[in-house]
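Just so you know, we're using my numbering here: the sequence shown kicks off at 14 and counts up by one.
Even for Gly, the Cβ is constructed at its ideal location relative to N, Cα and C.
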Amino acid sequence: KHRPELNRMHTDIDMGGNNLNNANTVNAKNGHYSEEINAGGNIKTQGGWLITQHGKGWLNEAHGGGFYMDDNDWIRSVNNKGIYTGGQLKGGTVRADGRLSTGEFLHLDEKNAVQPGWGCSPNGLVGRTPEGALLSCQNGQWRAISPNLQMVRAETTAYRWPHATARCPAGKKLVGGGGNCRSLGPPGMGWAV
14 KHRPELNRMH
24 TDIDMGGNNL
34 NNANTVNAKN
44 GHYSEEINAG
54 GNIKTQGGWL
64 ITQHGKGWLN
74 EAHGGGFYMD
84 DNDWIRSVNN
94 KGIYTGGQLK
104 GGTVRADGRL
114 STGEFLHLDE
124 KNAVQPGWGC
134 SPNGLVGRTP
144 EGALLSCQNG
154 QWRAISPNLQ
164 MVRAETTAYR
174 WPHATARCPA
184 GKKLVGGGGN
194 CRSLGPPGMG
204 WAV
């Protein structure tokens with residue numbers, strides 16, 4: 014007659030610091046370990062979490078990267094490793110403390126399109142009109158982004174050979190232009206066209 018109760022533990026067992034070897038599957042409710050857990054395969058959870066404490070997280074031992082938290086606000090990269098994905102990184106805002114670069118185009122969605130003259134803050138924002146024209150926030154208003162051009166009045170003479178002379182103001186540099194000079198009248202008047 015089989016007596017399975019003889020194979021049942023009825024009290025705690027103290028291994029005295031010795032190992033438990035050659036076990037196949039260990040079924041239990043909880044496990045408390047004071048040191049490392051080493052597994053030759055995967056460690057899986059059925060609906061639970063990987064919970065860490067004291068500023069620790071997940072670490073890839075071979076490459077020295079991973080994630081951790083040591084405050085209430087930020088998930089940080091171990092050893093300042095980069096994050097790479099062929100998919101999307103999406104968030105409420107994205108900030109770069111250094112340069113922001115793209116290998117293709119920068120697309121401003123039409124959702125928050127603006128118009129010249131509308132109010133804005135802070136200065137330095139870049140936006141777009143519904144048609145796609147670029148605007149920048151200057152002195153609290155959306156304004157068109159255009160080259161800083163300045164018209165310079167020419168000095169003319171209307172003697173036998175009319176001519177005109179234009180000079181750049183201090184701090185300005187001539188980058189292009191052209192024209193001609195002709196006398197349209199009345200006599201003695203020179204016009205630069």
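List the DSSP bridge partners of residue i.
| i | result |
| --- | --- |
| cysteine 150 | Trp155 |
| threonine 65 | BP columns for threonine 65 are empty, so no partner. |
| glycine 140 | Leu148 |
| glutamine 81 | It is worth fixing the name first, because residue 81 is tyrosine in this sequence and not glutamine. Per DSSP, Gly70 and Arg89. |
| glycine 132 | Gln154 |
If residue i sits next to residue j, beta carbons under 8 Å apart, how far is it from one beta carbon to the other, in whole angstroms?
| i | j | result |
| --- | --- | --- |
| glycine 78 | valine 91 | 5 Å |
Specify the secondary structure class of residue i as computed by DSSP and reduced to three states.
| i | result |
| --- | --- |
| tryptophan 204 | Annotation note: pLDDT 46 at tryptophan 204 (below 50); position unreliable, no value reported. |
| asparagine 125 | helix |
| leucine 72 | strand |
| valine 247 | It is not possible to answer for residue 247, since the shown part of the chain is limited to 14 through 206. |
| leucine 19 | helix |
Find the nearest neighbour of residue i within the set the options, judged by alpha-carbon distance.
| i | options | result |
| --- | --- | --- |
| proline 129 | Trp155, Val139 and Trp87 | Trp155 |
| glycine 137 | Val127, Asn125 and Gly153 | Gly153 |
| aspartate 122 | Thr142, Gly44 and Trp131 | Thr142 |
| histidine 120 | Gly145, Thr178, Leu33 and Asn43 | Gly145 |
| histidine 76 | Ile64, Gly61, Lys124 and Asn93 | Asn93 |
| serine 134 | Lys185, Gln151 and Phe118 | Gln151 |
To which residues of the same chain is residue i closer than 6 Å at the C-beta, ignoring the five residues directly before and after it?
| i | result |
| --- | --- |
| aspartate 83 | Gly68 |
| valine 139 | Ser149 |
| isoleucine 26 | none |
Closer than 7 Å by C-beta to residue i: which residues in its own chain qualify, once you throw out the five before and the five after it? Chain order, please.
| i | result |
| --- | --- |
| glycine 70 | Gly79, Phe80, Tyr81 and Met82 |
| isoleucine 88 | Phe80 and Met82 |
| leucine 147 | Val139, Arg141 and Ile158 |
Looking only at its chain, what residues have a beta carbon closer than 8 Å to the beta carbon of residue i, apart from the 5 residues adjacent to it on each side?
| i | result |
| --- | --- |
| isoleucine 50 | Ile56 |
| alanine 126 | Gly140, Arg141, Thr142 and Pro143 |
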